Amino acid sequence: MSTQHLVVGIDIAQQTHVARAVNFRGILLGAPLHFSNDDAGFSLLLQWMKDLQETYTLNDTIIDMEPTGHYWHSLAAWLKDRKLEVVLVNPHLIKKNKENRDNSPSKSDIKDAFVIADMVKNGYYTIIKENSEVFMELRVLMANRETIVHRLVSVKNQIHRWVDIVFPELRQVYKHLMGSRSLATLRLFPTPADLQKLTFRQVVDGWKTVMKRHSGERRAGELLALAARSVGAKHAKKAYKLYLQQLLAEYDLATEQLQVIEGEVAATLARIPLAKPLLAIKGMSILSAAGILGEAGNLSGYSHGNALLRHAALNLAEASSGKWKGQMSISKRGRPRLRHALVEQRATEQYKKERKLAPSVPMRFGCQT
1 MSTQHLVVGI
11 DIAQQTHVAR
21 AVNFRGILLG
31 APLHFSNDDA
41 GFSLLLQWMK
51 DLQETYTLND
61 TIIDMEPTGH
71 YWHSLAAWLK
81 DRKLEVVLVN
91 PHLIKKNKEN
101 RDNSPSKSDI
111 KDAFVIADMV
121 KNGYYTIIKE
131 NSEVFMELRV
141 LMANRETIVH
151 RLVSVKNQIH
161 RWVDIVFPEL
171 RQVYKHLMGS
181 RSLATLRLFP
191 TPADLQKLTF
201 RQVVDGWKTV
211 MKRHSGERRA
221 GELLALAARS
231 VGAKHAKKAY
241 KLYLQQLLAE
251 YDLATEQLQV
261 IEGEVAATLA
271 RIPLAKPLLA
281 IKGMSILSAA
291 GILGEAGNLS
301 GYSHGNALLR
311 HAALNLAEAS
321 SGKWKGQMSI
331 SKRGRPRLRH
341 ALVEQRATEQ
351 YKKERKLAPS
361 VPMRFGCQT
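Mapping the sequence shown onto the UniProt record's numbering, position 269 (from 1) lands on 269, and the numbers just tick up by one.
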């Protein structure tokens, strides 16, 4: 930061951003600017900054913004394409610094823009880490996969709920409701009333139409016996059947999309030279490596392993005062997806060790991957 810098703070929003400018001493320059989130608004911001530079005889500009959701991406890319220096301010720090100037908890877009500019003047900002196209693709793919996994988990839970309401005895026949045989049964004979109309031979013949290895006549007999005395819901049968059909369709769609995404992730990972030695680490899976590289970017850009831990917010933080010493905990001031990838990788390794020592040990670290 020099005496020739125009420091511009931008409060990001979905449609209309607000900008304020200060000099290297933190003195406000000019009036606040409201500009739209499009090319016309960005051009207005550029002209506003040029006018302030001419008015106050300033040569350099640093533009800082709060990374609010995804709304800042377009503006940051537009400014960087014009060779302007763009930095980010942590939203948590903005909240902490709101009362520095006026000793008031008040909040407004104009005040937030001023707080952002004032923080950058004091050096409280981070530089946007540039990554190559392949790392950016990997990050988008892994974020997309996370969304699909959440949908898949949700629809699985809803199918479990449906079975508990309509046909709870099905759990006595199939230990795993999301297995292929259980799902085939739900597709063919969704309710106990449907099964009560059939013989065990008709049930077996129905299974043969969708499965090469069906459950067999004995299990068909068990299923019919349980359906005959089922305590499941007897009302709204048509609505429940439609509900199940839509749940199964959503499950099939999410499963197919997950396979496509994971194939793309593997292909993208193969284009990264650093991925090969990373995958050579014992216990490292393709998805774990993709999660780490997608969020962290090129690992050669980190000077030390602790820098990566800090980026993932896995660095330790302590709260102590006088004779009182608080408990150490992780800071959680970083990228949650990177933290999840690193912690999940560690959990998977621990689980594999436990399974080797005691094969009967149940899984402690459940995940949907």
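We put the CB at the ideal spot given by N, CA and C, even for glycine.
The structure displayed is predicted, hence computed values, not measured ones.
Euclidean distance between Cα positions of residue i and residue j
i	j	result
S230	F167	7 Å
L84	V8	11 Å
A31	A19	9 Å
I148	R82	36 Å
residue 399	L75	Since the first residue shown for the chain is 1 and the last is 369, residue 399 is missing from the structure and cannot be characterised.
S176	K156	For the record, residue 176 in the displayed sequence is His; it is not Ser. In a straight line, the C-alpha of H176 is about 11 Å away from that of K156.
G179	G326	47 Å
L253	Q259	10 Å
F365	S300	Legend: pLDDT at F365 = 36, less than 50; position of this residue unreliable, no value from coordinates given.
N122	D102	17 Å
T369	E262	Since pLDDT at T369 reaches only 38, below the 50 mark, its modelled position is unreliable, and no value is offered.
V203	K276	50 Å
R335	N306	14 Å
R201	R219	11 Å
A225	G216	15 Å
S154	Q246	13 Å
S288	H70	24 Å
G322	H304	32 Å
R333	E169	47 Å
I110	W48	16 Å
M284	M328	28 Å
I286	Q257	17 Å
L242	L198	21 Å
Proximity of residue i and residue j at Cβ, strictly below 8 Å
i	j	result
I62	I10	no
L279	L293	no
T185	Y240	no
I116	V89	yes
L28	F35	no
V265	R161	no
E99	I12	no
Q196	A227	yes
Q4	D60	yes
P91	T126	no
S165	G232	The question names Ser, yet the displayed sequence has Ile at residue 165. Yes; because the gap between Cβ atoms is below 8 Å, this pair is in contact.
A319	I330	no
R181	M211	yes
V173	L244	no
L152	T255	yes
Heavy atom of the ligand FMN within 7 Å of residue i beta-carbon
i	result
Q158	What this structure holds is no ligand at all, so the ligand FMN is not there to describe.
Minimum C-alpha distance to residue i - residue among the options
i	options	result
R25	L6, G41, R171	L6
T55	K80, W72, W324, A21	A21
W207	L188, D112, L223	L188
M119	S106, K95, A249	K95
L79	S104, S108, D38	D38
R113	E256, L33, S2, G232	Checking the displayed sequence, the identity of residue 113 turns out to be Ala instead of Arg. Closest by alpha carbon: L33.
L308	V203, L242, G297	G297
E133	I261, R271, T255	R271
L248	A225, N97, I159, S108	I159
S2	L58, L244, G216, Q47	L58
S108	A143, L52, H17, I261	H17
N23	L52, K129, W48	L52
M142	I281, T268, S321, W324	T268
W72	H150, P105, K111, I128	I128
L93	A77, Y124, S154, H70	Y124
N131	L242, Q47, A77	A77
K234	I286, V163, L198, E250	V163
residue 433	Y251, S106, P105, L198	For the chain, the structure presents residues 1 to 369; residue 433 sits outside this window and is missing.
Checklist entry - With contact counted as at least three CB pairs below 8 Å, one residue from each stretch, are the region 301-319 and the region 333-345 in contact? => result Taking 8 Å as the limit for Cβ pairs, the verdict is that the region 333-345 does touch the region 301-319.
Checklist entry - Between the region 285-302 and the region 134-152, are three or more C-beta pairs nearer than 8 Å? => result Yes, the region 285-302 is in contact with the region 134-152.
Next on the checklist: If we require 3 or more residues per run, which beta strand (DSSP E) segments fall completely within the region 85-159?
Outcome noted: Here the runs fully enclosed are 85-88.
Checklist entry - Which runs of the beta strand (DSSP E), 3 residues or longer, sit entirely within the UniProt domain "Transposase IS116/IS110/IS902 C-terminal" (277-344)? => result Listed in chain order, nothing qualifies, since the UniProt domain "Transposase IS116/IS110/IS902 C-terminal" (277-344) has no complete beta strand (DSSP E) run of 3 or more residues.
Item to check | In chain order, each alpha helix (DSSP H) run of at least 4 residues that lies wholly inside the region 194-250 | outcome: If you keep only unbroken alpha helix (DSSP H) runs of at least 4 residues inside the region 194-250, you get 200-208, 217-228.
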